[in-house]
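For reference, the structure discussed in these notes is given below.
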Amino acid sequence: MKKIFLTLLLLVVCVSLGWASGMMKKKLPPYDYGSVTINNYSQQAGMPPVQFDHWLHRQYATCRLCHVDIGFGMTANSTKIRSTDNMKGYFCGTCHNGKESPVYQIKIFDSCAKEYKRDEYKRCTRCHILERSSAREDAFERFAQKMPRERLGNGINWEKAEEMGLVKPADQLEGVSIMKPKLKIQQDFSLKSKVEGMPDIIFSHKKHTVWNGCELCHPDIFVGIKKGTTKFSMVDIFEGKYCGVCHDKVAFPQSDCARCHNKSPQEK
Amino acid sequence: MKNVTVTILATAVLLFTAVPYGNCAEPPWRTEFDETCAGTSEAMALSQSELQALIGRCERLQKIIEQLDESARKVFLKRLLMCKNLYQYVLDAKSKPPEPLAQ
């Protein structure tokens, strides 16, 4: 009895310490997973910060299109977007320009304006959001219902959704992107797990380059080009480095171990 | 009257030649940017001398982009650096012997 009590006490202490040191992150509701608050200049201009939802945008564009061709940084607030940049047709203004998009065949609302009338303020509040509304959550639920399910993250299996043709993210925009030849896929490779019993990782270049291209990951995130030259551990990934730049923020979370550690012992 | 006709004709010629550059054609730096950074998807297949030449073009282009207005500079400097860094990264990998793997 005493042993059980001590074990339970130890468990509670460990969990509390883990929580306190930030190792265990608070699980976000699916509609909030991958949402980013942008607040470089908004409040100075008397506007609420921008709430950017990745789930809403990633159905229309690959990561590469926004983070390479349009120039958005990989961390919140690193791009320092100003309304004047948007008005000139950069960053959000690349697509949000009030014109019909030739890629998406829809009219995308204008992003920013120097002057606006009272009734136009509604347009500002589509991005500059003071507080979460249930309409936004409902929109996510309606969208997610049509998508293949996933256990964690925002509950959507994006890879499968693209395979099934449910989302068709554009990779190039005329006048913005450089029209390049199709990327030659580099070979997949395995990464040895450091924990006994944990399956090794098969890193799929194909899965990653289809959405990211080369320059989004190399050399900013992964410096080494030869296998084994970039050395990292799960601690680094938990701290948001290497795979953790995307996984746990927008791409599926690190707690979904089996999606990366998937090499069966027979394959070793 | 002749003077007026000549002036109108000269203005028309000037406008006609200025329109394609101002509205349709890209400025020269943008064409150079597109051509220089078009090789990123096949960087692994480029030779060391091709990579070095592209890095040189990136460096020359950087000086021009640094003179652009703030919005364009912010976007195109970031894009140019991503492209230049990728070429440099591939060049380093091709010119250095592989590091020994950790035990």
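Line order of the protein sequences matches chains A and B.
Numbering-wise, the first sequence is residues -4 to 263 according to my numbering.
Numbering-wise, the second sequence is residues 72 to 174 according to my numbering.
Glycine is no exception: its CB is placed at the ideal position from the N, C-alpha and C atoms.
Own chain residues within Cβ distance below 7 Å of residue i, not counting five before or after
i	result
L211 of chain A	C58, R59, H62 and V63
Y36 of chain A	R77
K258 of chain A	S185, P194, D195, I196 and I197
Q159 of chain B	I126
K75 of chain A	N35
M174 of chain A	Q167
F217 of chain A	T225 and Y237
Y28 of chain A	G148 and N149
Y99 of chain A	Y55
CA-to-CA distance, residue j to residue i, given in whole angstroms
i	j	result
R144 of chain B	K187 of chain A	42 Å
S166 of chain B	G41 of chain A	53 Å
K112 of chain A	A164 of chain B	56 Å
P99 of chain B	G68 of chain A	26 Å
A156 of chain A	I135 of chain B	42 Å
A59 of chain B	Q181 of chain A	The structure shown does not extend to residue 59 of chain B, since chain B spans only 72 to 174, so no value can be given for it.
S120 of chain B	K244 of chain A	39 Å
G160 of chain A	K201 of chain A	18 Å
A108 of chain A	T225 of chain A	45 Å
E126 of chain A	Q39 of chain A	18 Å
P143 of chain A	E141 of chain B	42 Å
E191 of chain A	S228 of chain A	14 Å
S324 of chain A	D48 of chain A	Outside the displayed range of chain A (-4 to 263) lies residue 324 of chain A, so it cannot be described from this structure.
K155 of chain B	P176 of chain A	18 Å
Q266 of chain A	D114 of chain A	Residue 266 of chain A lies beyond the range of chain A shown here (-4 to 263); nothing can be said about it.
G235 of chain A	K21 of chain A	15 Å
L147 of chain A	C241 of chain A	14 Å
I65 of chain A	I232 of chain A	26 Å
P44 of chain A	D133 of chain A	21 Å
N84 of chain A	V146 of chain B	Before going on, a small fix: residue 84 of chain A reads as Gly here, not Asn. Taking the straight line joining both Cα atoms gives about 11 Å.
E137 of chain B	A139 of chain A	43 Å
Y92 of chain B	E154 of chain A	Confidence is the limiting factor: at Y92 of chain B the pLDDT is only 36, short of 50, which leaves the residue's position unreliable and the question unanswerable from this model.
G219 of chain A	S199 of chain A	16 Å
Of the residues the options, the one placed nearest residue i, counting alpha carbons only
i	options	result
L122 of chain B	B:Q138, B:K134 and B:A109	B:A109
L152 of chain B	B:E113, B:E130, B:E141 and B:S118	B:E130
C122 of chain A	A:S185, A:H52 and A:G84	A:H52
F135 of chain A	A:N257, A:Q54, A:G239 and A:D231	A:Q54
S129 of chain A	A:P143, A:F104 and A:P24	A:P24
W50 of chain A	A:G150, A:D114, A:F227 and A:K22	A:G150
F184 of chain A	A:G170, A:S250, A:I173 and A:C255	A:C255
E97 of chain B	A:I216, A:I196, A:G170 and A:D195	A:G170
N34 of chain A	A:A71, A:K21, A:N81 and A:V205	A:A71
S30 of chain A	A:K179, A:V190 and A:I124	A:I124
D105 of chain B	A:C119, A:D133, A:S172 and A:H91	A:S172
V205 of chain A	A:P164, A:K189, A:T120 and A:G239	A:P164
L178 of chain A	A:K189, A:E158 and A:H203	A:H203
Q46 of chain A	A:G239, A:T120 and A:K189	A:T120
K189 of chain A	A:S199, A:V230, A:E158 and A:G239	A:V230
Three-state secondary structure assigned by DSSP to residue i
i	result
D195 of chain A	strand
K94 of chain A	coil
V205 of chain A	helix
L186 of chain A	strand
A165 of chain A	strand
K56 of chain A	Inspection of the sequence shows that residue 56 of chain A is occupied by Ala rather than by Lys. The answer is strand: DSSP assigns A56 of chain A an E or B state.
K102 of chain A	strand
I151 of chain A	strand
H242 of chain A	strand
S46 of chain A	In the sequence under discussion, the amino acid at residue 46 of chain A is Gln, which differs from the Ser named in the question. Strand.
T120 of chain A	coil
R144 of chain A	strand
K258 of chain A	strand
G93 of chain B	Reliability fails at G93 of chain B, whose pLDDT of 38 lies under 50, so the model's placement of it is uncertain and no value is given.
I135 of chain B	helix
V31 of chain A	strand
S73 of chain A	coil
Sequence-distant residues of the same chain with beta carbon closer than 6 Å to residue i, five excluded per side
i	result
Y116 of chain A	none
V162 of chain A	Q54 and A156
D80 of chain A	F86
Close beta carbons around residue i, own chain, < 8 Å, minus the five adjacent residues each side
i	result
K102 of chain A	G93, K94, E95 and S96
V161 of chain B	A114, M115, L117 and L122
C252 of chain A	M193
N152 of chain A	M142, P143, R144 and E145
M82 of chain A	G88, S106, C107, A108 and K109
Contact belief for residue i with residue j at Cβ below 8 Å, rounded distance in angstroms
i	j	result
F247 of chain A	E145 of chain A	7 Å
R137 of chain A	Y26 of chain A	R137 of chain A to Y26 of chain A, Cβ: 11 Å. No contact.
S221 of chain B	G88 of chain A	Outside the displayed span of chain B (72 to 174) sits residue 221 of chain B, for which this structure offers no information.
H266 of chain A	L157 of chain B	The structure shown does not extend to residue 266 of chain A, since chain A is modelled only from -4 through 263, so no value can be given for it.
E103 of chain B	L132 of chain B	6 Å
Near the ligand GTP: residue i beta-carbon under 8 Å from a heavy atom
i	result
E132 of chain A	Ligands displayed in this structure: none; no statement on the ligand GTP is therefore possible.
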